[in-house]
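So the sequence lines, in the order shown, correspond to chains A and B.
Per full-length UniProt numbering, residue 1 is the first one in the first sequence, and the count goes up by one each step.
Per full-length UniProt numbering, residue 1 is the first one in the second sequence, and the count goes up by one each step.
The C-beta atom is built at its ideal place from N, Cα and C for all residues, glycine as well.
Reading through the structure tokens given below for one structure.
Protein chains: 2
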Amino acid sequence: MPPAEDRAERAERILDAAAELLLRAGYRRTTIEDVAERAGIGKGTVYLHWKNREDLFLAVLLRESVRAIEDLVRAMEADPLVTRLATLTRIQYTNVLARPLLRAGHADDAGTLGKLLPKLHDQLDPRHDEAFVEYLELLAAHDLLRTDRPARELAVAYRAVLHGFLVGSPPPEPALIADTVAHAFEPLAVSTTQLRAVAPRAIALFTESAALDRKRLERAY
Amino acid sequence: MPPAEDRAERAERILDAAAELLLRAGYRRTTIEDVAERAGIGKGTVYLHWKNREDLFLAVLLRESVRAIEDLVRAMEADPLVTRLATLTRIQYTNVLARPLLRAGHADDAGTLGKLLPKLHDQLDPRHDEAFVEYLELLAAHDLLRTDRPARELAVAYRAVLHGFLVGSPPPEPALIADTVAHAFEPLAVSTTQLRAVAPRAIALFTESAALDRKRLERAY
DNA sequence: GTTTGACCAGGTTTCGTATTTGGTCATACG
DNA sequence: CGTATGACCAAATACGAAACCTGGTCAAAC
Numbered sequence: 001m002p003p004a005e006d007r008a009e010r011a012e013r014i015l016d017a018a019a020e021l022l023l024r025a026g027y028r029r030t031t032i033e034d035v036a037e038r039a040g041i042g043k044g045t046v047y048l049h050w051k052n053r054e055d056l057f058l059a060v061l062l063r064e065s066v067r068a069i070e071d072l073v074r075a076m077e078a079d080p081l082v083t084r085l086a087t088l089t090r091i092q093y094t095n096v097l098a099r100p101l102l103r104a105g106h107a108d109d110a111g112t113l114g115k116l117l118p119k120l121h122d123q124l125d126p127r128h129d130e131a132f133v134e135y136l137e138l139l140a141a142h143d144l145l146r147t148d149r150p151a152r153e154l155a156v157a158y159r160a161v162l163h164g165f166l167v168g169s170p171p172p173e174p175a176l177i178a179d180t181v182a183h184a185f186e187p188l189a190v191s192t193t194q195l196r197a198v199a200p201r202a203i204a205l206f207t208e209s210a211a212l213d214r215k216r217l218e219r220a221y
Numbered sequence: 001m002p003p004a005e006d007r008a009e010r011a012e013r014i015l016d017a018a019a020e021l022l023l024r025a026g027y028r029r030t031t032i033e034d035v036a037e038r039a040g041i042g043k044g045t046v047y048l049h050w051k052n053r054e055d056l057f058l059a060v061l062l063r064e065s066v067r068a069i070e071d072l073v074r075a076m077e078a079d080p081l082v083t084r085l086a087t088l089t090r091i092q093y094t095n096v097l098a099r100p101l102l103r104a105g106h107a108d109d110a111g112t113l114g115k116l117l118p119k120l121h122d123q124l125d126p127r128h129d130e131a132f133v134e135y136l137e138l139l140a141a142h143d144l145l146r147t148d149r150p151a152r153e154l155a156v157a158y159r160a161v162l163h164g165f166l167v168g169s170p171p172p173e174p175a176l177i178a179d180t181v182a183h184a185f186e187p188l189a190v191s192t193t194q195l196r197a198v199a200p201r202a203i204a205l206f207t208e209s210a211a212l213d214r215k216r217l218e219r220a221y
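Encoded structure:
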């Protein structure tokens, strides 16, 4: 099998298999052999891509997370107004709820993720948070965010709110979190013009963030 | 031992002992005999007060929760402005953080509460939520709360926010949640006069709520 | 009438064994 | 010659039986 193209393709197939099984049986009960069989390859081949079981499943989660961000970026590209914090929140909230694995990550669903959960944040957070704060500062500079507190503090509050909504059962309507975020973090008026001005840079920020994670994914391939 | 006064006193001693051990060793590792010994009574005596182990520890939690509400009521009586949603939130947030057992309840600290956690909400929620919604409706009627959404929906969002802040580690500053709640759920201006007008009824609501729980506690005594 | 601790069934822990599985690598294969 | 594989092994996990503990009861003591 020639390297290059096909290699990445096979990696994706393995991740597909792992994701499927992870969701159906949970981390604890999914073996590497199950994954290999479902991917139609030998067990040893899996280790040509990832150095151990944990890394493989973390890659599954990372890919899922990257896909969610890429969806978000697409939405922002299609409509610059999505750059607005409240709108972006609604879309990302919906995205996460629609992806069972991400939802499990937020809801501390130990049943499916098991011992992966603790490792998740260590693996996923490096400069992700920084990028988000930058995005908030960008909004603030354009009167699209409250400025009576530093963006870094608002980020803390924002994450608390998002987390609170995500763990609710059943999760509240997307419109409700959008509304809450709008009131809690946005100024009274949000200028459409400013949003359009901000969009390119915001899109770039998230694109870059997603690209970094993609890189890390492919490095493992 | 004559009934009446002394009986309640003994119940409190048992709860003290149970609370102490619960905090130090966790639910799973705290036995009824431990509790009895620490309370200076025989094991059988515990069952004169509660019909089983689970009920005893749920009572510990219920008492803790009642105490927090009573603290809150005292704060409202001392200063009617505490009736304001943002202020009340700050105080209650601080109260909960200061009470490790309540904090464990919100943070899903399975290590100390173990199998009690699932039962907690079933036990604690009956008309508690209703009272809170009533309080919100009271605020709304006096222009102390957003009115563009029904109080019941705001209550859902509010609980998500509160929960999100409580599970944070480390928990954000009390000022931050107060600020967030103020923006998210209060109208632009909050009238001091209206607050004073609302205070007696609000205090009554919470007092009643606490009294109901106290009753249930004492019924078990 | 109240309190108690011995008592017992049901549950949990322990510990040794059988089984499974993560990860390696010599071999087969293209 | 480089890639893929599955037999292989140590380590982890699952299992089962026996020992131990504990929740809850109740006859006896007070």
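Residue i: first and last residue of the uninterrupted alpha helix (DSSP H) it sits in
| i | result |
| --- | --- |
| B/Asn52 | B/Asn52 -> no alpha helix (DSSP H), and no H or E assigned at all. |
| A/Gly164 | 151 to 166 |
| B/Gly105 | 100 to 106 |
| B/Ile41 | Taken as a continuous stretch (DSSP letters only), B/Ile41 belongs to no alpha helix (DSSP H), as it is neither H nor E. |
| A/His142 | No alpha helix (DSSP H) contains A/His142, which DSSP labels as neither H nor E. |
| A/Gly111 | 110 to 113 |
| B/Leu205 | 192 to 220 |
| A/Asp179 | 174 to 185 |
| B/Pro118 | 116 to 124 |
Pairwise C-alpha distance: residue j and residue i
| i | j | result |
| --- | --- | --- |
| B/Thr193 | B/Leu81 | 9 Å |
| A/Ala202 | A/Arg214 | 18 Å |
| A/Val167 | A/Arg152 | 23 Å |
| A/Arg219 | B/His106 | 39 Å |
| B/Arg29 | B/Trp50 | 19 Å |
| A/Ala11 | B/Pro174 | 47 Å |
| A/Arg13 | A/Glu54 | 17 Å |
| A/Phe165 | B/His142 | 28 Å |
| A/Arg38 | A/Leu212 | 29 Å |
| B/Arg63 | A/Leu88 | 42 Å |
| B/Arg24 | A/Pro172 | 36 Å |
| B/Leu139 | A/Tyr221 | 57 Å |
| B/Thr31 | B/Leu22 | 10 Å |
| B/His163 | B/Leu97 | 12 Å |
| A/Phe57 | A/Thr112 | 12 Å |
| B/Thr180 | B/Val156 | 15 Å |
| A/Leu154 | B/Ser169 | 16 Å |
| B/Leu61 | A/Leu15 | 45 Å |
| A/Leu101 | A/Asn52 | 20 Å |
| B/Thr147 | A/Arg146 | 22 Å |
| B/Glu137 | B/Leu85 | 12 Å |
| B/Pro2 | B/Ala8 | Bear in mind that a pLDDT of 49 at B/Pro2, under 50, signals an unreliable position, so the model cannot answer this. |
| B/Ala110 | B/Ala75 | 31 Å |
| A/Ala184 | B/Glu186 | 10 Å |
| A/Ala36 | A/Lys43 | 5 Å |
| B/Arg149 | B/Lys115 | 37 Å |
| A/Val73 | A/Thr207 | 7 Å |
| A/Arg216 | A/His121 | 15 Å |
| B/Asp6 | B/Glu33 | 21 Å |
| A/Lys119 | A/Ser65 | 15 Å |
| A/Glu20 | B/Arg99 | 42 Å |
Minimum C-alpha distance to residue i - residue among the options
| i | options | result |
| --- | --- | --- |
| B/Leu205 | B/Arg127, B/Arg99, B/Pro187 | B/Arg127 |
| A/Val46 | A/Val66, A/Pro171, A/Ala18, A/Ala25 | A/Ala18 |
| A/Ala78 | A/Phe57, A/Glu208, A/Arg196 | A/Arg196 |
| residue 269 of chain B | B/Leu85, B/Leu58, B/Asn52, B/Gln92 | Not covered by the structure: residue 269 of chain B. The range shown for chain B is 1 to 221. |
| B/Glu130 | B/Ala104, B/Ser209, B/Arg99, B/Ala59 | B/Ser209 |
| A/Ala160 | B/Arg149, B/Pro150, B/Leu144, B/Ala178 | B/Ala178 |
| A/Thr94 | A/Ala68, A/Leu124, A/Asp108, A/Leu188 | A/Ala68 |
| A/Ala104 | A/Leu217, A/Ala182, A/Tyr27 | A/Tyr27 |
| B/Glu134 | B/Arg99, B/Val198, B/Leu117 | B/Val198 |
Name, going along the chain, the residues of the segment 128 to 144 of chain A whose beta-carbon falls closer than 7 Å to a beta-carbon of chain B. Answer set for the segment 128 to 144 of chain A: empty.
At a Cβ cut of 8 Å, what residues of the segment 169 to 180 of chain B count as close to chain A, listed as they run along the chain? Within the segment 169 to 180 of chain B, the qualifying residues are Pro172, Leu176, Ile177, Asp179, Thr180.
Scan the segment 180 to 192 of chain A for residues whose Cβ lies nearer than 7 Å to a Cβ of chain B and list them as they occur along the chain. Cβ proximity to chain B below 7 Å picks out Thr180, His183, Ala184 from the segment 180 to 192 of chain A.
With 9 Å as the C-beta to C-beta threshold (strictly closer), list the residues of the UniProt domain "HTH tetR-type" (8 to 68) of chain B near chain A in chain order. Those residues of the UniProt domain "HTH tetR-type" (8 to 68) of chain B placed with their C-beta closer than 9 Å to a C-beta in chain A do not exist.
Below 9 Å between beta carbons is the criterion; list the residues of the segment 208 to 220 of chain B that meet it against any residue of chain A, in chain order. Cβ contacts with chain A: none found.
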